[in-house]
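The sequence shown maps to residues 1 to 672 in our numbering. Where a beta carbon is used, it is the ideal one built from N, C-alpha and C, also for glycine. This one's a predicted model, so the numbers in the text were calculated from it and none came from an experiment. Take a look at the structure set out below.
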Amino acid sequence: MSRNDRSEPDPNAGSVLVVTVATADQSRYDDSDSIPARERIGVDSDQEVLAFPDLERLTRTFTRKTLELIDVVRRERPASITETARIVDRDVKNVHTELRRLEELGVISFVEEGRSSRPVVQFDELRLCIRFDDERSHVPPELAHAPYRFEAPEEVYSRITDAFLALDRAARVTYANERAEELLDRSGEELIGSVIWEQFPGALGTAFEERYREAVRTQEPVAYETYFPPLDTWFAVRAYPSETGLTAYFRDVTERKRRERRLERQRDELAAVNHLNRVIREITHTVVETSSRERMEREVCEQLVEADSYAFAWTGDVERDGRTVTPNYTAGGEESYLGAVRIVVDSTDPYGQGPTGEAIRTHEPQFVQDLRADPDYGPWRTQATKQGFRASAAVPFAYDGRLYGVLNLYSTRPDAFTKPVREALGHLGTVIGHAMYAIEQRKAIVSDSVLVLELYTETLASRLVGEEVDAYVSVKRTVPTGDGRIFQFVAVTGMAADEFVDRVTQIPATEEAVLLDERDESEELWFRLTVSEPSLSETLASYGGRARSIRTTSDGTHIVAELPPDVHVREVLEEVNEIYPGTELIAQRIREREQRTIREIYGTLLDRLTEKQRAALETAYFAGYFDWPRTATGEEVADLLGIAAPTLANHLRAAERKLLGVLFEDDRVDRR
């Protein structure tokens, strides 16, 4: 209501403003800050009703100081706001703000007199009451001595839906409704007359005491939410101080807080999974661009701690002794942590029973959701808690049965590794393991030198040729297919085809044996073997190596293997012995690769091609026969050369075979 909507009231008019709480119709009030509903009782009535949706907002609006201010304006009729403030002994700005608020409610209006605005009460009588459908009402205790008329049956507090406590200046409970008794797990007899801090000593030093004292000191309302461990309950509290004490409304919001925490955990989980997926994409991109394992490990650590998902990350390797884990790269946290801890692989050693040792032994990710409680985390618990770590993970970099390293992550939150996060980290470990495998394969191909191992075993010979057969078996080429299988191309002499197939297929790793070429009995038989893991070839391939030759006779099997020069020989030998027990290392040496220039390769090829084969190959290439789609057919190329199409096909097949023979260093390719 504006200041010009009302003139100064007639003292004899007998107008009445009834301030109420109409709880029967609270559903109309959706906005907690909206102006209360106002209505006139009857067309010619001199009474108006100002209806608040609940008791809390009524007592918050009409405090004892507010009622005293209204009474001063009605009785003293001050000439200005400044004079009003002087009479009530309050700050002018504070009084001005409160009078303007009362103006909005229609309780006060202003009369302009020169440069001053004189406040005027619009009603001769102000009644504060709470009405219900049965017309009962109640006076709030903090307003019990205000200079106005009330209607107040005692049982009204039971109609308040929130828990309600009234405290006097000594923090003694003067009233508690049934809902308060229920939430506080105390009877009314226990609460009334007791000091609240004696009833609940666990509240001392918490937000309950801090905000209570703040409200009493400032005489300003406070609102807050806090957890109370003794009752295992979250409370939402609104407290309104007065000169006689404090009124508190509170409710149990535990379920809402649990929902909020669940949602927060889900958001954190989603953010962590999305971040891990971004790291996986970045690592995949890095693999394409780099052949550096060191750069890959460094970027993994840095990216994982970049978004604050994890406090600390490090990667490590098993030392050549096969026992100790040595860190390679770290990001976040304090490197001093790693300097103060020890990690081994041996499961019988307490320092090998944590997540890192278990991940290395099983090639499976391991997670500790609360390292303060995990019984196997004892050797590292003190140092980890000093860093603020609460949960940890160990993710192996493994591919195709080979371990390339391990990633360790630490979070400051317990239960940080939820199921989606665990799955994403497991996938990350596989991606990195495959990437490291690819790097080693590339290094093995382009390296200027190779490690040559000469091995001897009697196990394979006894299975393959027996003790009485004078046979010779040589593996000429090993080709990994990329799907877990390996093709071996084998030359056999001194044994019939059926006998060899029968013997070789009894070896568990052999899935299939196919005869490729059969000549007279004095010549070699060529077979293609399909081998699955575990096998000698698969083991060597997992280290970026291959079997250069495998010669088996009744005396035993001699194996010559080529591997990258930095491979751990002891580790390779241990894995080979798992397949063929008793395998011995006869010799090892570093051999420089024979470097062939393009001109030398080209010269070798020209030496092998006949004139007609070279003419057919060059004409077909430059005519577009090998393009896609073809720009020249076989018949058209044959016409150009003046030969029949089948003859062209024979020339091309022979030339292609010789070309590939040079590429794969196959000496069987003849010069025909």
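- Annotation: the continuous alpha helix (DSSP H) that includes Asp71 extends over Arg64 to Glu76.
- The alpha carbon of Thr330 has as its nearest neighbour, out of Arg295, Thr505, Gln353 and Ser347, the alpha carbon of Arg295.
- Below 8 Å, too few C-beta pairs join the segment 64-71 and the segment 246-265 to call them touching: fewer than three.
- About 10 Å separates the Cβ atoms of Tyr621 and Ala632, ruling out a contact at the 8 Å cut-off.
- With respect to the 8 Å criterion, Gly354 and Pro375 are not classified as neighbours on the basis of their beta carbons.
- Going by DSSP, Ile590 is part of the beta strand (DSSP E) stretching over Glu584 to Glu592.
- By the 16-neighbour rule on beta-carbons within 10 angstroms, Trp628 is exposed.
- For the beta strand (DSSP E) assignment, the uninterrupted runs of no fewer than 3 residues enclosed by the segment 292-378 are, from N- to C-terminal side, 312-318, 325-332 and 366-368.
- Non-local beta-carbon contacts of Ala645 in its own chain, meaning distances under 6 Å to residues more than five positions away in sequence, involve Gly634, Glu635 and Ala638 in chain order.
- When DSSP states are grouped into helix, strand and coil, Glu220 belongs to the coil group.
- Within the same chain, and ignoring the five residues on either side of Ile81 in sequence, the residues whose Cβ sits closer than 7 Å to its Cβ are Val92, Val95, His96, Leu99, Ser117 and Pro119.
- Membership of Ile486 in the beta strand (DSSP E) is indicated by the continuous run Arg485 to Thr493.
- Contact annotation, Ile598 with Ala435: C-beta distance approximately 30 Å; criterion of less than 8 Å not satisfied.
- With respect to the C-alpha of Glu76, the residue from Val121, Arg90, Glu104 and Ser109 having the closest C-alpha is Val121.
- When C-beta atoms of the segment 297-311 are compared with those of the segment 269-282, three or more pairs fall below 8 Å, so the two segments count as touching.
- In the DSSP annotation of this structure, the continuous segment of the alpha helix (DSSP H) that includes Thr82 starts and ends at Ile81 to Val88.
- Leu17 is classed as buried because its beta carbon has at least 16 other beta carbons within 10 Å across all chains shown.
- Counting along the chain, the unbroken alpha helix (DSSP H) around His651 starts and ends at Ala645 to Leu663.
- The C-alpha of Ser336 lies about 14 Å from the C-alpha of Asn328.
- Its Cα nearest to that of Leu606, the residue Leu659 stands out among Leu659, Arg361 and Val567.
- For Gly426, the closest alpha carbon among the candidates Glu364, Leu409 and Asn577 is that of Glu364.
- Taking the Cα positions, Asp502 is about 30 Å away from Leu453.
- Following the DSSP letters along the chain, one finds His558 inside the beta strand (DSSP E) bounded by residues Gly556 to Leu563.
- Here Gly193 is not near Ala176, since their CB atoms are 8 Å or more apart.
- Pairing Tyr580 with Thr459 gives a Cβ-Cβ distance under 8 Å.
- For Val195, same chain residues with a beta-carbon under 6 Å away, outside a window of 5 residues either side, are Ala171 and Arg172 in chain order.
- Each residue's CA atom was taken as its position, placing Thr174 and Pro241 some 14 Å apart.
- DSSP places Arg118 in the strand class (E or B) of the three-state scheme.
- Collapsing the DSSP output to three states places Glu243 in coil.
- The three-state secondary structure of Tyr602, taken from DSSP, is helix.
- By DSSP's assignment, Phe110 forms a beta bridge with Pro119.
- In chain order, Ile601, Thr604, Leu605, Arg608 and Val669 place their CB closer than 8 Å to the CB of Val662, counting only its own chain and leaving out the 5 sequence neighbours on each side.
- In the displayed model, Pro629 falls within coil according to three-state DSSP, outside both helix and strand.
- Here Val514 is exposed, its C-beta having fewer than 16 other C-beta atoms within 10 Å.
- In the three-state reduction of the DSSP assignment, Gly426 falls in the helix class.
- The criterion of a C-beta distance shorter than 8 Å is satisfied by Gly333 and Tyr410.
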